[in-house]
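Protein chains: 2
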Amino acid sequence: MNTRFAVAVHILAFLGTQDGIPASSELIAGSVNTNASLIRRLLSQLTKAGLARSQMGTGGGALLAMDAGKITLLDVYRAVDEQGDVFAIHQDPNPKCMVGRNIQAVLRVRIDEAERALQAELARTTIADIAADIAAKDSISAAN
Amino acid sequence: MNTRFAVAVHILAFLGTQDGIPASSELIAGSVNTNASLIRRLLSQLTKAGLARSQMGTGGGALLAMDAGKITLLDVYRAVDEQGDVFAIHQDPNPKCMVGRNIQAVLRVRIDEAERALQAELARTTIADIAADIAAKDSISAAN
DNA sequence: CCGTTATGTATCCACGATAGTAACATAGAG
DNA sequence: CTCTATGTTACTATCGTGGATACATAACGG
Numbered sequence: 000m001n002t003r004f005a006v007a008v009h010i011l012a013f014l015g016t017q018d019g020i021p022a023s024s025e026l027i028a029g030s031v032n033t034n035a036s037l038i039r040r041l042l043s044q045l046t047k048a049g050l051a052r053s054q055m056g057t058g059g060g061a062l063l064a065m066d067a068g069k070i071t072l073l074d075v076y077r078a079v080d081e082q083g084d085v086f087a088i089h090q091d092p093n094p095k096c097m098v099g100r101n102i103q104a105v106l107r108v109r110i111d112e113a114e115r116a117l118q119a120e121l122a123r124t125t126i127a128d129i130a131a132d133i134a135a136k137d138s139i140s141a142a143n
Numbered sequence: 000m001n002t003r004f005a006v007a008v009h010i011l012a013f014l015g016t017q018d019g020i021p022a023s024s025e026l027i028a029g030s031v032n033t034n035a036s037l038i039r040r041l042l043s044q045l046t047k048a049g050l051a052r053s054q055m056g057t058g059g060g061a062l063l064a065m066d067a068g069k070i071t072l073l074d075v076y077r078a079v080d081e082q083g084d085v086f087a088i089h090q091d092p093n094p095k096c097m098v099g100r101n102i103q104a105v106l107r108v109r110i111d112e113a114e115r116a117l118q119a120e121l122a123r124t125t126i127a128d129i130a131a132d133i134a135a136k137d138s139i140s141a142a143n
């Protein structure tokens, strides 16, 4: 139940609103309201996954590595959630018991199916969708 | 990433193989290979959710509260995973930033969709299915 | 060419959740 | 009345998460 996925999406959505101007980790941290080092750690993972890239030096910062419409939430999920497992299976059940010696393999199949369903849904949304949702919602609140 | 869900399914699958004979928490703990107190804590949640019931006293123990074919993995998930949220959303993003003041609501929608997809998949499997898988897998290994 | 900006990474710490363990009051069977 | 077993509480070790600091390295600009 960590917030890495949510923060990573926040970062990429933020980069998506920057029109190609590099954003420093300090700037992003200000939007997320957290530590710049944490942002850099996440950006490092996003960069390794090929979703973001960065420029060092004056005026540098992070950029999207590809079009926001090409980055899905599944990509982000895979980039930041190392083991990518929603459920854990308990270790060392009793092999002398029929349930104990088979539960892990049986559960693995069902959990993988559920995980696949989750990932398929995540794949249907892109960072561009998120950015559009944010802009739409913001114009509505601005109107009130 | 806790194992409560997996252990709870293990417990119910175990009860499903008991043919209506109450199973003590000690017995179940032996199959799961953990502590009886932990089993009782989980059984308490399963009982509150109406999935299991128990008899105190000599010869007592836990029983399924309904037919194994009527209990879905979603029921178990809801019974033991209190908050039932796969993803957490970071708190206190910066309201002065367009992304910061809208990201939570926007992410909430998408995360809820993903969560629904996960739950729909879990709802497709029952404890009876799990018990059948276990029996099938066990007879295969026994044949080798 | 040197100082400034900013990344990338390592380290340390506080906090909370998980799960293992023990203890005990209570309820039911014989 | 005794034995069994539940239901619940409390305590603890361990680990993951996220906050904070530090620093070597890289790029840009005067």
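Protein chains in written order, with numbering that gives the first Met the number 0: chain A, 0 to 143; chain B, 0 to 143.
Every residue, glycine too, gets a C-beta built ideally from N, C-alpha and C.
Beta carbon of A/Ser8 nearer than 8 angstroms to that of A/Val98: Walking along the first sequence from the start, residue 8 of chain A turns up at place 9. Walking along the first sequence from the start, residue 98 of chain A turns up at place 99. Checking the sequence shown, residue 8 of chain A turns out to be Val, not Ser. No, the pair does not count as a contact, with Cβ atoms beyond the cut-off.
Member of B/Ala142, B/Arg123, B/Gln90 whose CA lies at the smallest distance from the CA of A/Ala5: Your numbering for residue 5 of chain A matches position 6 in the first sequence. Looking at the Cα atoms, B/Gln90 is the closest of the given residues.
Rounded separation between B/Arg40 and B/Lys136 - CA only: As a working note, residue 40 of chain B is residue 41 in the second sequence. As a working note, residue 136 of chain B is residue 137 in the second sequence. If you take the alpha carbons of B/Arg40 and B/Lys136, they lie about 29 angstroms apart.
Neighbourhood of A/Gln44 by C-beta, 6 angstroms cutoff - its chain only, sequence neighbours within 5 removed: As a position in the first sequence, residue 44 of chain A is number 45, starting the count at 1. Apart from the 5 residues on each side of it in sequence, A/Gln44 sits with its Cβ closer than 6 angstroms to the Cβ of Ala78, Val79 in its chain, given in chain order.
Residues that B/Thr71 bridges to, as DSSP identifies them: Within the second sequence, the letter at position 72 stands for residue 71 of chain B. B/Thr71 is bridged to B/Thr125.
Cβ-Cβ distance between A/Ala48 and A/Ala130 below 8 angstroms: Here residue 48 of chain A refers to the residue found at position 49 when the first sequence is read from its first residue. Here residue 130 of chain A refers to the residue found at position 131 when the first sequence is read from its first residue. Result no, Cβ atoms of A/Ala48 and A/Ala130 do not sit closer than 8 angstroms.
Range covered by the alpha helix (DSSP H) that runs through A/Ser53: The residue you call residue 53 of chain A lines up with position 54 of the first sequence. No alpha helix (DSSP H) contains A/Ser53, which is instead part of the beta strand (DSSP E) from 51-54.
Beta-carbon neighbours of A/Asp132, restricted to chain B and to distances below 7 angstroms: Reading the first sequence from its first residue, position 133 is the one you call residue 132 of chain A. Per Cβ cutoff of 7 angstroms: Val105.
Buried or exposed (CB count within 10 angstroms, at least 16 for buried), A/Glu25: One-based indexing of the first sequence puts residue 25 of chain A at position 26. Looking at its Cβ environment, which holds fewer than 16 other Cβ atoms inside 10 Å, A/Glu25 is exposed.
DSSP-derived helix/strand/coil call for B/Gly15: For this step, residue 15 of chain B is matched to residue 16 along the second sequence. If DSSP states are grouped into helix, strand and coil, B/Gly15 belongs with the helices.
contact_flag[the segment 53-64 of chain B, the segment 104-117 of chain B] where n(CB pairs < 8 angstroms) is 3 or more: no
C-alpha distance - B/Gly29 paired with A/Arg109, whole-angstrom precision: Residue numbering aside, residue 29 of chain B sits at position 30 when the second sequence is read from its first letter. Residue numbering aside, residue 109 of chain A sits at position 110 when the first sequence is read from its first letter. Whole-angstrom Cα-Cα distance: 24 angstroms.
Any C-beta of chain B under 8 angstroms from that of A/Ala51: Working through the first sequence from its first residue, we reach residue 51 of chain A at position 52. False, the Cβ-Cβ gap to chain B never drops below 8 angstroms.
B/Ile70 versus B/Glu112, B/Thr46, B/Pro21, B/Gln82, residue with shortest Cα-Cα distance: Taking the second sequence and counting its residues from 1, one reaches residue 70 of chain B at position 71. Of the listed residues, the one whose Cα sits closest to B/Ile70 is B/Thr46.
Minimum Cβ-Cβ distance from B/Val31 to chain A less than 8 angstroms: The residue you call residue 31 of chain B lines up with position 32 of the second sequence. Interface residue, yes.
Cα-Cα separation, A/Ala122 to B/Gly19: Residue mapping note: residue 122 of chain A aligns to position 123 of the first sequence, counting from 1. Residue mapping note: residue 19 of chain B aligns to position 20 of the second sequence, counting from 1. If you take the alpha carbons of A/Ala122 and B/Gly19, they lie about 44 angstroms apart.
For A/Ala64, the three-state DSSP class (helix, strand or coil): One-based indexing of the first sequence puts residue 64 of chain A at position 65. Looking at A/Ala64 - three-state DSSP - the assignment turns out to be coil, as it is neither helix nor strand.
A/Gly39: contacting residues in chain B (beta-carbon distance under 9 angstroms): To locate residue 39 of chain A, count along the first sequence from 1; it is residue 40. Looking at the sequence provided, one finds Arg at residue 39 of chain A rather than Gly. In chain order: nothing, as chain B lies at least about 16 angstroms away.
Residue span of the alpha helix (DSSP H) that contains A/Gly29, given as start and end: By one-based count along the first sequence, residue 29 of chain A stands at place 30. Unbroken alpha helix (DSSP H) run through A/Gly29: 24-31.
Run of the alpha helix (DSSP H) containing B/Gln44, from where it starts to where it stops: In the second sequence, residue 44 of chain B corresponds to position 45, counting from 1. It spans 35-47 - the alpha helix (DSSP H) in which B/Gln44 sits, taken as one unbroken run.
Spatially closest choice to B/Asn34 from A/Leu72, A/Ala61, A/Pro92, A/Ser23, by CA coordinates: Indexing the second sequence from 1 puts residue 34 of chain B at position 35. Of the listed residues, the one whose Cα sits closest to B/Asn34 is A/Pro92.
7 angstroms Cβ shell around B/Ala22 - same chain, five flanking residues per side excluded: For the purposes of this step, residue 22 of chain B is taken as residue 23 along the second sequence, with counting starting at 1. The answer, listed in chain order, is Phe13, Leu14, Gly60, Ala61.
8 angstroms CB neighbourhood of A/Ile10 in its chain, flanking five on each side removed: Counted from its first residue, the first sequence places residue 10 of chain A at position 11. Apart from sequence neighbours up to five positions away, the residues of its chain that approach A/Ile10 with a beta-carbon distance below 8 angstroms are Ile27, Val31, Ile38, Leu41, Leu42, Leu45, Ala51, Ala61, ordered along the chain.
C-beta neighbour in chain A for B/Glu112, strict 8 angstroms: In the second sequence, counting from the first residue as 1, residue 112 of chain B sits at position 113. Judged by the 8 angstroms Cβ criterion, B/Glu112 is in contact with chain A.
Cross-chain neighbours of B/Asn34 in chain A, by beta carbon under 7 angstroms: Taking the second sequence and counting its residues from 1, one reaches residue 34 of chain B at position 35. Those within 7 angstroms of B/Asn34 in chain A number zero; the least Cβ separation is about 12 angstroms.
Cβ pair B/Ala116, A/Glu120 closer than 8 angstroms: The count along the second sequence starts at 1 and reaches residue 116 of chain B at position 117. The count along the first sequence starts at 1 and reaches residue 120 of chain A at position 121. Against a cut-off of 8 angstroms, the Cβ pair of A/Glu120 and B/Ala116 comes out as a contact.
Interfacial residues, the segment 44-69 of chain B to chain A, with Cβ spacing under 9 angstroms: Taking a C-beta cut-off of 9 angstroms against chain A, none of the residues of the segment 44-69 of chain B qualify.
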